[in-house]
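Data first, discussion second: the structure below is written as structure tokens.
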Amino acid sequence: MAIRIQAKLNRPELQRFLNAIDEKTLRKVVSRSLNRTGITIRKEAAQRIQKKIKLPSKDIKDALPIRNRPKASESIDSQEFIIAASAKGISLSKFKPQQVSTGVSVNITGKRQVIRHAFLMKTRSESGRYPVMRRVKVRNPNTRSRRSDKGAELPIEKQAYKSIANILPEITDQLAPIAEERFATEFERNYKYLIQGSGS
0 MAIRIQAKLN
10 RPELQRFLNA
20 IDEKTLRKVV
30 SRSLNRTGIT
40 IRKEAAQRIQ
50 KKIKLPSKDI
60 KDALPIRNRP
70 KASESIDSQE
80 FIIAASAKGI
90 SLSKFKPQQV
100 STGVSVNITG
110 KRQVIRHAFL
120 MKTRSESGRY
130 PVMRRVKVRN
140 PNTRSRRSDK
150 GAELPIEKQA
160 YKSIANILPE
170 ITDQLAPIAE
180 ERFATEFERN
190 YKYLIQGSGS
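Right, here's the structure in full:
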């Protein structure tokens, strides 16, 4: 899953701009406008996702990496700003987990829920959090259990919520009109700035 932002210029529009400035300058206008639009949309996406799940803004942005930035050296049709979305499930350790008698309580959407039969690891992960674990047998009763050297029942698996890539489709319709409006604003601003700079 990814957000792709491109310039929507029909042929008559394109020709009108080319009559006023050279193609090199127009490519620069488009690339600047797409890049600034892309940064805005990434921020908007993170804010909307944060309204759905109680995850720090930095974690959400990290899961929305920029995969491609348009360059002025590229043709207008090939310029594209791409925001990828992580397909990795979000660790439940990021949702303020608390051990309770029936499992682990987490706050994913603003209301606490219990992941039954789950437990917190006694050692912190590299992120400094205590991973939320559950025995595989809970999910798959046919799993053959074994014991660790210390007597703990294995195997166990880390628990995660759905990924940012799973959540993103819920907000893409909201982002489309914002992207169009932002690009139009940026295009007009950059066009005026660069056309003055070119001496036209």
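In numbering that gives the first Met the number 0, the protein residues as written are 0 to 199.
We put the CB at the ideal spot given by N, CA and C, even for glycine.
Because the structure is a prediction, the values reported are computed rather than measured.
How many Å lie between residue i and residue j at the Cα?
i      : j      : result
Arg115 : Ser74  : 55 Å
Ala159 : Phe186 : 41 Å
Ala1   : Glu43  : 14 Å
Ile65  : Pro130 : 28 Å
Ala86  : Lys161 : 8 Å
Asn189 : Gln5   : 16 Å
Ile52  : Gln14  : 45 Å
Arg128 : Asn106 : 15 Å
Ile155 : Ser32  : 49 Å
Helix, strand or coil, according to DSSP, for residue i in the structure here?
i      : result
Ser199 : Residue confidence for Ser199 is low, a pLDDT of 47 falling below 50, so the modelled location carries little weight; the figure read from the coordinates is stated next. Here Ser199 sits in coil by DSSP.
Phe16  : helix
Leu25  : helix
Ser90  : strand
Arg143 : coil
Counting C-beta neighbours from all protein chains within 10 Å, is the total for residue i 16 or more, i.e. buried, or is it exposed?
i      : result
Lys7   : exposed
Ala183 : exposed
Lys95  : exposed
Pro11  : exposed
Would a C-beta distance cut-off of 8 Å place residue i and residue j closer than the cut-off?
i     : j     : result
Arg41 : Leu17 : no
(request) Determine contact between the region 80 to 90 and the region 22 to 37, defined as no fewer than three beta-carbon pairs at a distance below 8 Å. (result) yes
(request) Determine, using beta-carbon pairs with one atom in the region 145 to 154 and one in the region 86 to 101, whether at least three such pairs fall under 8 Å. (result) no
(request) Give a yes or no on contact between the region 12 to 31 and the region 53 to 64, applying the rule of three or more CB pairs nearer than 8 Å. (result) no
(request) Kindly confirm or deny that the region 96 to 103 and the region 163 to 179 touch, where touching means at least three C-beta pairs closer than 8 Å. (result) no
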